[in-house]
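Data block below; observations after.
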Ligand SMILES: O=C(O)CCC(=O)C(=O)O
Ligand SMILES: [Fe+2]
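Residue numbers (full-length UniProt numbering): 1 to 245.
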């Protein structure tokens, strides 16, 4: 319980739901999350126990960072931007956040959720799990289970990328369901800009007759808004959309 915290900005946090101080249905999950990153001022605060944890996560986060560079480069090109456009917008001080999620087997899985519907606030989340199904994504108002394919990662697009692309890419709404038979573990690593970056569409994508669909917001304010309240689905993103005024 040493890392138990309600402050979404704490560098190392253990918890179950978002915002447990408010009365609402909690998640069937435990999580531990903390920062990684090329430049992380708080990495040393991550757990010392088990003794191998720090070293293994550090190596893992470094490898995942390499993968994210490649994916961001491909997406930048796909948007007609310079290949390093998104990477530069994030910068070496950009955030990398690892969330280790543990969903115990649940005697009444239909009465709860491991994680309620949401989209991730960063650009890309690179996720692996222990092979037990549970992740679902929403498409056209229907939930679809994401199959586990051994040896692969699941990559989720987040809100930062939806805004940067001025809506060309959509962040994926997702949730985690639980089951009665087996515990599920997922390791999600999100990648966003630095905390005081302004989240806004890429300027080359805003032409004279194509207006910005999103209002600029400081990344950490967006995270606070999304995570400190009982928001669900993509409602935090909808609030900064211009057609939502
Ligand atoms: O457990 C999963 O598959 C999803 C985890 C997730 O969405 C998150 O940590 O943001
Ligand atoms: Fe997520």
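Cβ coordinates follow ideal geometry from the N, Cα and C atoms, glycine included.
Short Cβ contact (8 Å threshold) for residue i with residue j
| i | j | result |
| --- | --- | --- |
| residue 175 | residue 99 | no |
| residue 38 | residue 12 | no |
| residue 193 | residue 160 | yes |
| residue 269 | residue 97 | Residue 269 lies beyond the stretch modelled for the chain, which goes from 1 to 245, so this question has no answer here. |
| residue 173 | residue 213 | no |
| residue 30 | residue 102 | yes |
| residue 158 | residue 113 | no |
| residue 87 | residue 69 | yes |
| residue 36 | residue 57 | yes |
| residue 236 | residue 225 | yes |
Residue i: first and last residue of the uninterrupted alpha helix (DSSP H) it sits in
| i | result |
| --- | --- |
| residue 69 | 53-78 |
| residue 219 | 219-227 |
| residue 88 | 85-90 |
Delimiting residues of the beta strand (DSSP E) encompassing residue i
| i | result |
| --- | --- |
| residue 102 | 95-103 |
| residue 191 | 184-192 |
| residue 32 | 30-35 |
| residue 258 | A question about residue 258 goes unanswered here, because the residues of the chain that appear run from 1 up to 245. |
| residue 12 | 12-15 |
For residue i, the three-state DSSP class (helix, strand or coil)
| i | result |
| --- | --- |
| residue 138 | strand |
| residue 132 | coil |
| residue 46 | coil |
| residue 121 | coil |
| residue 81 | coil |
| residue 110 | helix |
| residue 205 | helix |
| residue 160 | helix |
| residue 235 | helix |
| residue 20 | Confidence is the limiting factor: at residue 20 the pLDDT is only 49, short of 50, which leaves the residue's position unreliable and the question unanswerable from this model. |
Neighbourhood of residue i by C-beta, 7 Å cutoff - its chain only, sequence neighbours within 5 removed
| i | result |
| --- | --- |
| residue 144 | 136, 137 |
| residue 245 | Confidence at residue 245 is low in this model, with a pLDDT of 47, below 50, so its placement is unreliable and no value can be given for it. |
| residue 116 | 27, 175, 232 |
| residue 146 | 135, 136, 137, 154 |
Residue from the options with nearest C-alpha to residue i
| i | options | result |
| --- | --- | --- |
| residue 118 | 3, 242, 227, 82 | 227 |
| residue 184 | 152, 127, 131, 9 | 131 |
| residue 83 | 235, 47, 71, 59 | 71 |
| residue 164 | 111, 81, 151 | 81 |
| residue 240 | 110, 50, 162, 195 | 162 |
| residue 41 | 95, 150, 111, 65 | 95 |
| residue 108 | 179, 139, 62 | 179 |
| residue 79 | 196, 238, 168 | 168 |
Same chain, Cβ closer than 8 Å to residue i, neighbours up to 5 away in sequence not counted
| i | result |
| --- | --- |
| residue 211 | 242 |
| residue 198 | 216, 217, 218, 219 |
| residue 127 | 135, 153, 154, 155, 156, 186, 187, 188, 189 |
| residue 166 | 201, 202, 205, 206, 210, 212, 213, 214 |
| residue 77 | 83 |
| residue 170 | 157, 162 |
| residue 61 | 36, 37, 96, 98, 189 |
Neighbourhood of residue i by C-beta, 6 Å cutoff - its chain only, sequence neighbours within 5 removed
| i | result |
| --- | --- |
| residue 5 | 13 |
| residue 182 | 105, 132 |
| residue 85 | 76 |
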